[in-house]
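Numbering (the numbering used here), first residue to last: 1 to 126. Glycine is no exception: its CB is placed at the ideal position from the N, C-alpha and C atoms. Remarks on the structure that follows.
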């Protein structure tokens, strides 16, 4: 079932490799909070909280995405594009916030984009 079909069916969950459901509405809410911070600057502590939440969601979504990509033909364009994107997401999670508010802001914005990408592509990976 694609993401669009899940939304149409009112199903707003994803399942991680351990069989646990992930509430996609909660993930989307966190993404909105992270993206909305550009209009109302957040303090470093708030950015730290958002980073923790987004990294947790990415940590739950990433293994299933990697497993799905592993099923593609290795060496194919689709495999290469997706595995490169997933590797980039994994590296981004390891970056940390940095020492200033600006670097923290940029990191949280990128994590929100990465998290959204994982949600958007989960239907294509199953």
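| Is it true that the stretch 98-108 meets the stretch 41-55, where meeting means three or more beta-carbon pairs spaced less than 8 Å apart? | yes
| query | At what residues does the beta strand (DSSP E) containing residue 22 begin and finish? | reply | 21-23
| said: Can you tell me where the beta strand (DSSP E) holding residue 52 begins and where it ends? | reply: Per DSSP, residue 52 belongs to no beta strand (DSSP E); it is in the alpha helix (DSSP H), 44-70.
| task | Can you give me the start and stop residues for the alpha helix (DSSP H) that residue 78 sits inside? | result | 77-93
| Pairing CB atoms from the stretch 59-72 with CB atoms from the stretch 86-103, are three or more of them under 8 Å? | yes
| query | How big is the Cα-Cα spacing for residue 4 and residue 116? | reply | Annotation note: pLDDT 49 at residue 4 (below 50); position unreliable, no value reported.
| query | How about residue 127 and residue 24: do their beta carbons lie closer than 8 Å? | reply | This structure leaves residue 127 out entirely; the chain is present only between 1 and 126.
| request: Closer than 8 Å by C-beta to residue 69: which residues in its own chain qualify, once you throw out the five before and the five after it? Chain order, please. | output: Counting only Cβ-Cβ distances below 8 Å, and skipping sequence neighbours, we find 79, 82, 83, 86 and 125.
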